[in-house]
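Quick notes on the structure that follows.
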Amino acid sequence: DNITVCAPVGTNQALASPTSDNMEPGTNGWTATGLWHLANDLSSSPSNSWTYNNGSNYVTGARNTGTISRTVSLSNITSSISLRFKSWYETEDTGTAWDRKLVQLSTNGTSWSTLLQISGTNKQWIAHTVDLTAYAGRTVWIRFSFDSIDGVNNRYRGWFVDDVDVVALQAPKTDVFYDSMESTTNW
Numbered sequence: 001d002n003i004t005v006c007a008p009v010g011t012n013q014a015l016a017s018p019t020s021d022n023m024e025p026g027t028n029g030w031t032a033t034g035l036w037h038l039a040n041d042l043s044s045s046p047s048n049s050w051t052y053n054n055g056s057n058y059v060t061g062a063r064n065t066g067t068i069s070r071t072v073s074l075s076n077i078t079s080s081i082s083l084r085f086k087s088w089y090e091t092e093d094t095g096t097a098w099d100r101k102l103v104q105l106s107t108n109g110t111s112w113s114t115l116l117q118i119s120g121t122n123k124q125w126i127a128h129t130v131d132l133t134a135y136a137g138r139t140v141w142i143r144f145s146f147d148s149i150d151g152v153n154n155r156y157r158g159w160f161v162d163d164v165d166v167v168a169l170q171a172p173k174t175d176v177f178y179d180s181m182e183s184t185t186n187w
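This note's numbering puts the first residue of the sequence shown at 1, with every later residue one more than the last.
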């Protein structure tokens, strides 16, 4: 018989989720500006998602912007942390010049750093992961920001965000003691 005694490395012993939101229970602490609203016409998981449009597109006759944001406490987390979410969009282009779709973070609620700019494949749900480990032990503000850049070519469905999770990864375990019990001199 083998005997192994293990101990967790770090202080997080299980998968923790400081924030998990599939958008079903309502706004759930999110603050919305601009054209952002909860909608049920397109979602990754039934049946709501945050949507940037006026019900069909984001035509306003001028440049338009908006954000959804909320605070997340990472104060008890000391391991790796990730922001995970799903995104679907149909905008003026699939690049980064027009109709910008940004994932941003702040440690004070006023100064924002861009963590990710959504681009590439459109018109399908794409899973995204952003590393937040550098912010462990703090309270942060997470926001999704849309900027049309101009007032033309805005007759598209917009940007949809669903299934937002902030997860702390389980700390690996390390062997503290191991004995195969093959030798009589180990004890």
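C-beta atoms are modelled at their ideal positions from N, C-alpha and C, and glycine is treated no differently. These numbers come from a predicted model, not from an experiment.
Exercise for the section: Would you decide whether valine 72 is buried or exposed? Buried here means 16 or more other CB atoms lie within 10 Å of its CB. Expected result: Along the sequence shown, one-based indexing puts residue 72 at 72. Burial call: buried.
Handout entry: Candidates Lys86, Asn76 and Gln124: closest to valine 140 by CA position
Key = Stepping through the sequence shown from its first residue, residue 140 is reached at position 140. Selected option, being the one with the closest Cα: Asn76.
Exercise for the section: With DSSP as the reference, label serine 20 as helix, strand or coil. Expected result: Residue numbering aside, residue 20 sits at position 20 when the sequence shown is read from its first letter. Three-state DSSP puts serine 20 in a strand.
Problem - tyrosine 89 - DSSP class collapsed to helix/strand/coil - result: As a first step, residue 89 is located in the sequence shown; it is residue number 89 there, counting from the start. Strand.
Practice task
Determine the burial state of threonine 107: buried for a count of at least 16 other Cβ atoms within 10 Å of its Cβ, exposed for fewer.
Solution key: Counted from its first residue, the sequence shown places residue 107 at position 107. Its Cβ having fewer than 16 others within 10 Å, threonine 107 is exposed.
Handout entry: Supposed contact pair lysine 101 and isoleucine 81 - C-beta distance, whole angstroms, cut 8 angstroms
Key = Translated into the one-based positions of the sequence shown, residue 81 becomes position 81. Translated into the one-based positions of the sequence shown, residue 101 becomes position 101. With a Cβ gap of about 22 angstroms, isoleucine 81 and lysine 101 do not count as contacting.
Practice task
Give the straight-line distance between the Cα atoms of alanine 136 and threonine 19, rounded to the nearest whole angstrom.
Solution key: Residue numbering aside, residue 136 sits at position 136 when the sequence shown is read from its first letter. Residue numbering aside, residue 19 sits at position 19 when the sequence shown is read from its first letter. The alpha-carbon atoms of alanine 136 and threonine 19 are separated by roughly 14 angstroms.
Practice task
Report yes or no: do three or more beta-carbon pairs, one from the region 54-63 and one from the region 114-132, lie closer than 8 angstroms?
Solution key: no
Practice task
May I have the straight-line CA-CA distance separating tryptophan 125 from serine 43, to the nearest angstrom?
Solution key: As a first step, residue 125 must be located in the sequence shown, where it is residue number 125. As a first step, residue 43 must be located in the sequence shown, where it is residue number 43. Cα to Cα, tryptophan 125 sits roughly 9 angstroms from serine 43.
Problem - For threonine 129, the residue or residues it bridges with in DSSP - result: Within the sequence shown, residue 129 is the residue found at index 129, counting from 1. Arg84, per the DSSP bridge assignment.
Exercise for the section: Could you check what DSSP says for tyrosine 135 in three-state terms: helix, strand or coil? Expected result: For the purposes of this step, residue 135 is taken as residue 135 along the sequence shown, with counting starting at 1. Tyrosine 135: helix per DSSP, three-state reduction.
Practice task
Assuming asparagine 48 contacts leucine 38 (C-beta within less than 8 angstroms), just tell me the rounded distance between them.
Solution key: Residue numbering aside, residue 48 sits at position 48 when the sequence shown is read from its first letter. Residue numbering aside, residue 38 sits at position 38 when the sequence shown is read from its first letter. Right, the Cβ-Cβ distance comes to about 5 angstroms (below 8 angstroms), so this counts as a contact.
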